[in-house]
Amino acid sequence: MALTPETLPRHELNGLPVRVVESDDASRVGLEGRVVVETTNTLSIEVCVPPEAERDRGGNAAECDEGASRVVMVPKSGSTFEFAITDDAADAAKASGTASKLADAKPEPTEESSAGSDCAGEDVAYVTVDGSRLLSQPARRTETNGDSPWQ
Amino acid sequence: MWRRQKHADVTVAAERIDRLHELARAAAADGDTDRARYYVRLARRIAERNRLALPREFRRFTCDACDAYLRPGRNARVRTRDGHVVITCDCGAQARYPYEE
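Dropping the structure here:
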């Protein structure tokens, strides 16, 4: 039960590389960085601001370790996020053909999350999740009992 | 470990705790103490909600009183006494752990 495209909405989001694919606010579309803080209604994304010279060359935002970075708070509702999950998670996605399996197992969340997990590169899987699926207290997202939508 | 053999969502919770441990350690190493504290608190909350015991390493490297991630020499004093180690956080809280010779 590692971090796979299926478990991602219930798993830890802090620390994952993320990109805002869609948002009600056009200025937030395309934001790329790492999730650093999660609250019930927002994700705070640490975005690297490359120095001018690097920006011209199209510096890779996800790669920069030092240098300026700022934290942008993005509301979960009204946004669509694309998480990049690495290592064994991607292999599992390839093996199981995630999209079809998701449709069989959980018909209800299909429209949001089945778009996810097209594999690019060796061991990176991209998972697209509608932000409204993540609306929950961070600590309670994992739970499956009660009236939880994560069942 | 027994906690890994439990129910599937409990496994997710245990993994979240492990990830948060790493994040807290990294944030503390970067000098970002408040963010480390946030990760520690979240991990504690997840353990509490899912009735999991926190890993021993996590327990020993966090302050029970202020949730700081402890880095011996930086924000924690480590002193050996007769039969036990005393770890003092910068907030003043002390924790004692026994050791065998």
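One line per chain: the protein sequences are A and B, in this order. First residue of the first sequence? That's 7 in the numbering used here, and the numbers climb one at a time after it. First residue of the second sequence? That's 3 in the numbering used here, and the numbers climb one at a time after it. We put the beta carbon where it would ideally sit given N, CA and C, even for glycine.
Residue i lies in the alpha helix (DSSP H); which residues open and close that run?
i, result
"D36/B", "T35 to R51"
"R62/B", "R58 to R62"
For the beta strand (DSSP E) containing residue i, name the first residue and the last one.
i, result
"H86/B", "H86 to C91"
"T148/A", "Premise fails: T148/A is in no beta strand (DSSP E) and is neither H nor E."
"P15/A", "Per DSSP, P15/A belongs to no beta strand (DSSP E) and is neither H nor E."
"R98/B", "Q96 to P100"
"R79/B", "A78 to R83"
"A90/A", "S85 to T92"
"Y71/B", "Unbroken run through Y71/B: none, as it is neither H nor E."
"S138/A", "Taken as a continuous stretch (DSSP letters only), S138/A belongs to no beta strand (DSSP E), as it is neither H nor E."
Using a threshold of 7 Å, is the CB atom of residue i nearer than that to any non-hydrogen atom of the ligand FMN?
i, result
"G75/B", "Ligands in the displayed structure: none, and consequently the ligand FMN is not present."
So that I know if they touch, is there some Cβ in chain B lying closer than 8 Å to that of residue i?
i, result
"P15/A", "no"
"P23/A", "no"
"N20/A", "yes"
"E38/A", "no"
"G122/A", "Low per-residue confidence applies at G122/A: pLDDT is 45, beneath 50, and the placement is therefore not dependable enough to give any value."
"T148/A", "yes"
"P144/A", "yes"
"A32/A", "no"
"T104/A", "Residue placement at T104/A cannot be trusted, given a pLDDT of 43 that sits under 50; what the coordinates show is reported in the next sentence. Judged by the 8 Å Cβ criterion, T104/A is not in contact with chain B."
"P113/A", "Confidence in P113/A is poor, its pLDDT being 35 and thus under 50, which makes the residue's placement unreliable; the coordinate value appears in the next sentence. No - not a single Cβ of chain B is within 8 Å of the one on P113/A."
"A68/A", "Note that A68/A scores a pLDDT of 46, beneath 50, so its modelled location is shaky; the value from the coordinates is reported in the next line. A68/A does not count as touching chain B."
"V135/A", "no"
"V55/A", "no"
"L140/A", "no"
"R61/A", "Note that R61/A scores a pLDDT of 49, beneath 50, so its modelled location is shaky; the value from the coordinates is reported in the next line. Taking Cβ atoms only, chain B never reaches closer than 8 Å to R61/A, which makes this a no."
"V130/A", "no"
"L49/A", "no"
"A90/A", "no"
"Y74/A", "Checking the sequence shown, residue 74/A turns out to be Ala, not Tyr. No, because no Cβ of chain B sits closer than 8 Å to the Cβ of A74/A."
"V78/A", "no"
Just checking my contact of residue i with residue j at CB under 8 Å: how many whole Å lie between their CB atoms?
i, j, result
"D66/B", "A95/B", "6 Å"
"A145/A", "I48/B", "5 Å"
"N47/A", "S75/A", "Not a contact, Cβ separation roughly 23 Å."
"G21/A", "R21/B", "6 Å"
"I51/A", "V78/A", "5 Å"
"V135/A", "L14/A", "7 Å"
"Y99/B", "A26/B", "Wrong, their Cβ atoms sit about 19 Å apart, outside the cutoff."
"T148/A", "V14/B", "5 Å"
"V24/A", "F89/A", "5 Å"
"R34/A", "V80/A", "6 Å"
Does any residue of chain A have a CB that is nearer than 8 Å to the CB of residue i?
i, result
"V88/B", "no"
"L72/B", "no"
"A15/B", "yes"
"R53/B", "no"
"L56/B", "no"
"D101/B", "A small correction: the amino acid at residue 101/B is Tyr; Asp does not occupy that position in the sequence shown. It does not: the Cβ of Y101/B has no partner Cβ on chain A nearer than 8 Å."
"R76/B", "no"
"R62/B", "no"
"R47/B", "yes"
Just to confirm the assignment: which complete beta strand (DSSP E) runs, minimum length 3, are found wholly within the segment 19-61 of chain A? Runs of the beta strand (DSSP E) inside the segment 19-61 of chain A: 23-29, 38-44 and 48-54.
In the segment 18-29 of chain B, which residues sit with their C-beta less than 7 Å from some C-beta in chain A, listed in chain order? Legend: CB atoms of the segment 18-29 of chain B lying less than 7 Å from CB atoms of chain A belong to residues R18, R21, L22 and L25.
Please identify, using Cβ separations under 8 Å, the residues of the segment 33-47 of chain B that lie next to chain A, in order along the chain. Contact annotation: in the segment 33-47 of chain B, residues whose CB is within less than 8 Å of a CB in chain A are R37, Y40, Y41, L44 and R47.
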